[in-house]
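**Q** Mind having a look at this structure? Questions to follow.
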Amino acid sequence: MNGAFADYKWAALVSDWTVFGEGFAHTVLVSGLALLLALLLGGFFGVLSSGSSKLAKGLARVYIESIQNTPLVIQVFFLYHALPHLGIMLPTFAVGVLGVGVYHGAYVSEVVRAGIQAVPRGQLEAAYSQGFSFWRAMRHIILPQAKRMAFPPLTNQAVSLIKNTSVLAMVAGGELMYQADSWSSSNLYYGPAYVATGILYIALCLPLATYARRLEEQTGVKG
Amino acid sequence: MIALQGIQKYFGANHVLKDIDLTVAPGEKLVVIGPSGSGKSTLIRSMNLLEMPSKGKIVVDGVDLTAPKAEVEKVRESVAMVFQQFNLYPHKTVLENLTLAPVLIKKVPKEAAEESGLAFLDRVGLKNKAHAYPAQLSGGQQQRVAIARALNMKPRVMLFDEPTSALDPEMIQEVLDVMVDLAKEGITMVVVTHEMGFARQVADRVIFMDAGRIIEQGTPEHFFVNPEHERTQLFLSKILRSH
Ligand SMILES: Nc1ncnc2c1ncn2[C@@H]1O[C@H](COP(=O)(O)OP(=O)(O)O)[C@@H](O)[C@H]1O
Ligand SMILES: [Mg+2]
Numbered sequence: 000m001n002g003a004f005a006d007y008k009w010a011a012l013v014s015d016w017t018v019f020g021e022g023f024a025h026t027v028l029v030s031g032l033a034l035l036l037a038l039l040l041g042g043f044f045g046v047l048s049s050g051s052s053k054l055a056k057g058l059a060r061v062y063i064e065s066i067q068n069t070p071l072v073i074q075v076f077f078l079y080h081a082l083p084h085l086g087i088m089l090p091t092f093a094v095g096v097l098g099v100g101v102y103h104g105a106y107v108s109e110v111v112r113a114g115i116q117a118v119p120r121g122q123l124e125a126a127y128s129q130g131f132s133f134w135r136a137m138r139h140i141i142l143p144q145a146k147r148m149a150f151p152p153l154t155n156q157a158v159s160l161i162k163n164t165s166v167l168a169m170v171a172g173g174e175l176m177y178q179a180d181s182w183s184s185s186n187l188y189y190g191p192a193y194v195a196t197g198i199l200y201i202a203l204c205l206p207l208a209t210y211a212r213r214l215e216e217q218t219g220v221k222g
Numbered sequence: 000m001i002a003l004q005g006i007q008k009y010f011g012a013n014h015v016l017k018d019i020d021l022t023v024a025p026g027e028k029l030v031v032i033g034p035s036g037s038g039k040s041t042l043i044r045s046m047n048l049l050e051m052p053s054k055g056k057i058v059v060d061g062v063d064l065t066a067p068k069a070e071v072e073k074v075r076e077s078v079a080m081v082f083q084q085f086n087l088y089p090h091k092t093v094l095e096n097l098t099l100a101p102v103l104i105k106k107v108p109k110e111a112a113e114e115s116g117l118a119f120l121d122r123v124g125l126k127n128k129a130h131a132y133p134a135q136l137s138g139g140q141q142q143r144v145a146i147a148r149a150l151n152m153k154p155r156v157m158l159f160d161e162p163t164s165a166l167d168p169e170m171i172q173e174v175l176d177v178m179v180d181l182a183k184e185g186i187t188m189v190v191v192t193h194e195m196g197f198a199r200q201v202a203d204r205v206i207f208m209d210a211g212r213i214i215e216q217g218t219p220e221h222f223f224v225n226p227e228h229e230r231t232q233l234f235l236s237k238i239l240r241s242h
């Protein structure tokens with residue numbers, strides 16, 4: 000068979016599988032750390048925007064809106080191309096974690112805020128009446144209950160986060176998409192490269208997406 | 000124990016508490032009655048600063064809660080509240096509901112908090128439910144747990160905001176029984192309720208509120224025998240007829 004998916008092209012891909020393996024491992028690592036960062040930022044700003052302080056709410060709004068209303072590409076390019084002009088040189092790995100983590104942190108904030116809002120007001124009042132401060136009430140009383148609401152949409156966030164790490168291919172990120180792209184642009188075997196890469200993304204995302212759907216069915220909470 | 004001085008409370012343009020001056024003595028059992036929307040909840044919720052008054056001073060146990068740097072959280076440790084909707088923590092077992100705040104906030108050792116918690120559960124007749132979750136209990140049981148949770152803070156003041164109003168009629172008495180039993184102790188109690196039988200049994204003083212003002216106050220007998228104000232008479236005749 001000849002053409003875009005010729006057998007010898009597949010054979011080349013199989014013999015160079017470490018290129019894809021490296022990219023895959025890199026994607027998993029960047030995604031994991033970015034997800035952790037997104038959860039930390041989202042937890043913090045989600046709680047901030049649920050408090051009574053106008054200043055704190057304003058601060059959270061600025062973060063969430065400025066991130067949600069600009070493309071991820073601009074944020075990544077900013078970290079990669081603009082920061083060096085300010086004397087800050089980040090390794091591409093850090094650009095990946097930071098760029099994608101901060102981006103999804105904004106969306107996680109909204110998920111956390113919605114989860115907190117779904118907890119009846121009386122819970123916070125009961126905690127206050129027992130001497131809890133706002134932050135301790137959040138940690139021990141409110142967030143554990145908000146989690147139930149937030150879990151399906153959070154799982155969906157994890158899926159888009161994994162896919163969005165592919166943006167890092169534009170800044171030589173070393174992750175799956177970049178590896179596939181640089182491998183195939185040297186030998187022009189684009190067909191097998193992109194199909195194989197797609198399958199690897201599916202292998203990461205489909206189980207998560209399925210899990211999210213099952214959670215949605217169980218809890219009745221929409222992602 | 001509790002002193003409210005010159006309290007005004009506005010929700011936007013809505014003037015909800017008007018010129019409230021009220022002192023609750025240590026150990027006193029105070030019952031608050033009045034029509035719906037008259038400001039009873041707002042009044043009792045300002046006693047632990049769940050509502051911040053727009054004007055005036057609130058002093059609890061010698062601490063001015065309305066002062067700029069007041070240690071409100073510290074005071075709340077000894078002023079417990081029981082809510083109309085119970086507000087138990089649904090993700091915790093009954094016993095955990097009782098021990099959470101004592102352990103985290105008051106730094107009571109976990110074992111001591113559990114021991115006293117079980118004793119209070121026993122007292123409200125629910126020791127066998129220690130490891131159940133709130134959703135597995137009836138309304139009356141949940142409210143008794145809420146009372147035990149409040150007691151496990153070893154408070155000096157107990158605030159009750161219509162603790163039986165959300166209950167099915169057949170469950171009201173079991174909660175009132177616990178409260179009557181509690182009233183035999185030296186603890187200070189402020190109770191918003193329409194249960195006039197309870198008021199007659201335990202109250203040292205009853206206050207009647209209407210449209211944000213304390214209209215009339217006196218002993219329970221005063222209210223039953225010769226309430227002065229027409230509005231009080233009207234209100235009492237209504238609730239006594241419905242019971
Ligand atoms: N959080 C709030 N925001 C705005 N208005 C409120 C709030 N809480 C109570 N009110 C209003 O204050 C008035 C008194 O309410 P409340 O103290 O709950 O009365 P009661 O407990 O006697 O029924 C009502 O008109 C009520 O609508
Ligand atoms: Mg009320």
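Just so you know, the protein sequences line up as chains A and B, in that order.
The first sequence maps to residues 0 to 222 in numbering that gives the first Met the number 0.
The second sequence maps to residues 0 to 242 in numbering that gives the first Met the number 0.
We treat Cβ as the ideally placed atom computed from N, Cα and C, and that holds for glycine.
Here the structure is a predicted model, which is why all the values come from computation and not from measurement.
If we define contact as Cβ-Cβ less than 8 Å, is Y9(B) a contact residue for chain A?
**A** It does not; no Cβ of chain A falls within 8 Å.
**Q** Taking the beta carbon of V61(A) as the centre, do at least 16 other beta carbons fall within 10 Å, making it buried, or is it exposed?
**A** Exposed, because fewer than 16 other Cβ atoms sit within 10 Å of the Cβ of V61(A).
**Q** For a quick check, are the C-beta atoms of E220(B) and M152(B) less than 8 Å apart?
**A** Contact: no.
**Q** Can you pull the chain B residues whose beta carbon is under 7 Å from the beta carbon of Q129(A), in chain order?
**A** Here the neighbours are R75, A100, I104, M152.
**Q** Given that a residue counts as buried once 16 or more other Cβ atoms are within 10 Å of its Cβ, and exposed if not, what is R148(B)?
**A** Buried.
**Q** Ends of the alpha helix (DSSP H) at Q74(A)?
**A** Run containing Q74(A): 71 to 76, per the alpha helix (DSSP H) assignment.
**Q** Under 8 Å by Cβ, that's how I've got G45(A) and V111(A) pegged, so tell me the actual separation to the nearest angstrom.
**A** The pair is a contact, with the Cβ atoms about 3 Å apart (cut-off 8 Å).
**Q** What are the uninterrupted segments assigned as beta strand (DSSP E) that are 3 or more residues long and contained completely in the segment 43 to 90 of chain B, given in chain order?
**A** Fully enclosed beta strand (DSSP E) runs of 3 or longer: 54 to 59, 78 to 81.
**Q** Going by CA-CA distance only, name the one from A10(A), A202(A), Y7(A), L47(A) that's closest to I63(A).
**A** The option with the nearest alpha carbon to I63(A) is L47(A).
**Q** Using a 10 Å radius around the Cβ and a threshold of 16 neighbouring Cβ atoms, would you call S37(B) buried or exposed?
**A** Looking at its Cβ environment, which holds 16 or more other Cβ atoms inside 10 Å, S37(B) is buried.
**Q** Please classify F207(B): does DSSP put it in a helix, a strand, or coil?
**A** Note: F207(B) maps to strand in three-state DSSP.
**Q** Quick check on Y102(A): buried or exposed, where buried means 16 or more other Cβ atoms within 10 Å of its Cβ?
**A** Per the 10 Å Cβ criterion, buried.
**Q** On the DSSP bridge list, what partners appear for I213(B)?
**A** Note: I213(B) sits in a beta bridge opposite M208(B).
**Q** Within 10 angstroms of its Cβ, does Q116(A) collect 16 or more other Cβ (buried), or is it exposed?
**A** It is exposed - the Cβ of Q116(A) has fewer than 16 other Cβ atoms within 10 Å.
**Q** Under 5 Å, CB to any heavy atom of ligand 1. Which residues pass, going along the chain?
**A** Ordered along the chain, the selected set is F10(B), V15(B), S35(B), G36(B), S37(B), G38(B), K39(B), S40(B), T41(B).
**Q** Residues in its own chain within less than 6 Å of S165(A) by CB, not counting five upstream and five downstream?
**A** Answer for S165(A): M176, listed in chain order.
**Q** Whose CA, out of D20(B), L64(B), K28(B), lies closest to the CA of M157(B)?
**A** If we check each option's Cα against that of M157(B), K28(B) comes out closest.
**Q** Rounded to the nearest angstrom, what separates G20(A) and Y79(A) at their Cα positions?
**A** When rounded, the distance between both Cα atoms is 25 Å.
**Q** Would you list, in sequence order, the uninterrupted alpha helix (DSSP H) runs of no fewer than 4 residues that lie entirely inside the segment 86 to 121 of chain A?
**A** Listed in chain order, they are 91 to 116.
**Q** Would S229(A) count as contacting chain B if we go by Cβ distances under 8 Å?
**A** Here chain A covers residues 0 to 222 and nothing more, so residue 229(A) does not appear.
**Q** What are the start and end residues of the beta strand (DSSP E) that includes V23(B)?
**A** Residues 13 to 23.
**Q** Closer than 6 Å by C-beta to A211(A): which residues in its own chain qualify, once you throw out the five before and the five after it? Chain order, please.
**A** Closer than 6 Å at Cβ, skipping near neighbours: P151, T154, N155, G222.
**Q** The segment 92 to 121 of chain A: which residues have C-beta closer than 8 Å to a C-beta of chain B, in chain order?
**A** Going along the segment 92 to 121 of chain A in chain order, one finds P119, G121 with a Cβ nearer than 8 Å to chain B.
**Q** First and last residue of the alpha helix (DSSP H) that includes V201(B)?
**A** Unbroken alpha helix (DSSP H) run through V201(B): 195 to 201.
**Q** For a test of the three-state rule: what should DSSP assign to G5(B), helix, strand or coil?
**A** Of the three classes helix, strand and coil, the one that applies to G5(B) here is strand, per DSSP.
**Q** Between the C-alpha atoms of A81(A) and L12(A), what's the straight-line distance to the nearest angstrom?
**A** Rounded to whole angstroms, A81(A) to L12(A) spans 36 Å at the Cα level.
**Q** If we ignore side chains and look at the alpha-carbon of each, how far apart do T98(B) and A134(B) end up?
**A** Rounded to the nearest angstrom, the two C-alpha atoms are 18 Å apart.
**Q** For A3(A), collect the residues of the same chain with a Cβ closer than 6 Å to its Cβ; drop the 5 residues on either side in sequence, then sort them by chain order.
**A** The residues are G190.
**Q** Assuming the contact rule is C-beta atoms closer than 8 Å, D18(B) and G5(B) should be a hit. Round their C-beta distance to whole Å, please.
**A** Indeed, because the Cβ distance is near 7 Å, the residues count as touching under 8 Å.
**Q** Looking at the structure shown, is M0(B) part of a helix, part of a strand, or coil, going by DSSP?
**A** It is coil, neither helix nor strand.
**Q** Let me make sure I understand the geometry here. Which of K146(A), S159(A), S184(A), C204(A) has the alpha-carbon closest to that of T218(A)?
**A** Checked all of K146(A), S159(A), S184(A), C204(A); the closest Cα to T218(A) is K146(A).
**Q** Give me the chain B residues within the contact set of Q144(A), using Cβ-Cβ distance strictly less than 9 Å, ordered along the chain.
**A** Neighbours of Q144(A) on chain B, chain order: Y88, P89, H90.
**Q** Do you know offhand how far I214(B)'s Cα is from T22(B)'s?
**A** Going from the Cα of I214(B) to the Cα of T22(B) covers about 15 Å.
**Q** Do you know whose CA, among M169(A), G172(A), N186(A), T196(A), lies nearest A179(A)'s CA?
**A** Checking every option, the nearest Cα to that of A179(A) belongs to T196(A).
**Q** What residues from the segment 227 to 238 of chain B come within 9 Å of chain A, judged by C-beta to C-beta, listed N to C?
**A** From the segment 227 to 238 of chain B, no residue has a Cβ closer than 9 Å to chain A.
**Q** Could one say the Cβ of F119(B) lies closer than 8 Å to chain A's Cβ atoms, at least one of them?
**A** Not closer than 8 Å to any Cβ of chain A, the Cβ of F119(B) fails to qualify, so no.
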